[in-house]
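Trainee: I'd like to ask some things about the structure below.
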Amino acid sequence: MRFGNTSEAKIRKNLRASAADGAAFGGMVGIGETYLAAFALAVGMSELTAGMVASLPMLAGGVMQLLSPIRKVPPTY
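This is the structure:
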């Protein structure tokens with residue numbers, strides 16, 4: 431089955447990539463927002479340091495999303 435100019439194999443590949451991206455985001459948010467700050471406080475870090483440690487995964491994800499359009503990849507139709 432073809433959808434416009436895109437084959438079913440390409441659509442499946444894109445869906446797998448989208449699912450992997452969603453899983454990576456879920457892991458980043460789950461670890462960064464839930465466990466990292468609590469762990470930092472448990473090992474005796476100050477509240478300010480724990481907050482900075484918890485915000486680093488979200489900051490890194492945002493920076494990577496901003497930088498990702500810079501890489502010019504020609505579309506494969």
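The working numbering numbers the first residue of the sequence shown as 431 and each following residue consecutively. We put the beta carbon where it would ideally sit given N, CA and C, even for glycine.
Judging by CA-CA distance, which residue of R446, L445, K440 and L486 is the nearest neighbour of M400?
Mentor: Residue 400 falls outside the range modelled here, since the chain spans only 431 to 507, and no answer is possible.
Trainee: Have a look at S437 and S448 and give me their C-alpha separation to the nearest angstrom.
Mentor: Looking at the two C-alpha atoms, the distance is approximately 17 Å.
Trainee: Which residues bound the alpha helix (DSSP H) around M475?
Mentor: Taken as a continuous stretch (DSSP letters only), M475 belongs to no alpha helix (DSSP H), as it is neither H nor E.
Trainee: Would you check if the distance between the CB atom of A490 and the CB atom of A480 is smaller than 8 Å?
Mentor: No, these two residues do not count as a Cβ contact at 8 Å.
Trainee: Quick check on DSSP: helix, strand or coil for S485?
Mentor: Reduced to three states, the DSSP call for S485 is helix.
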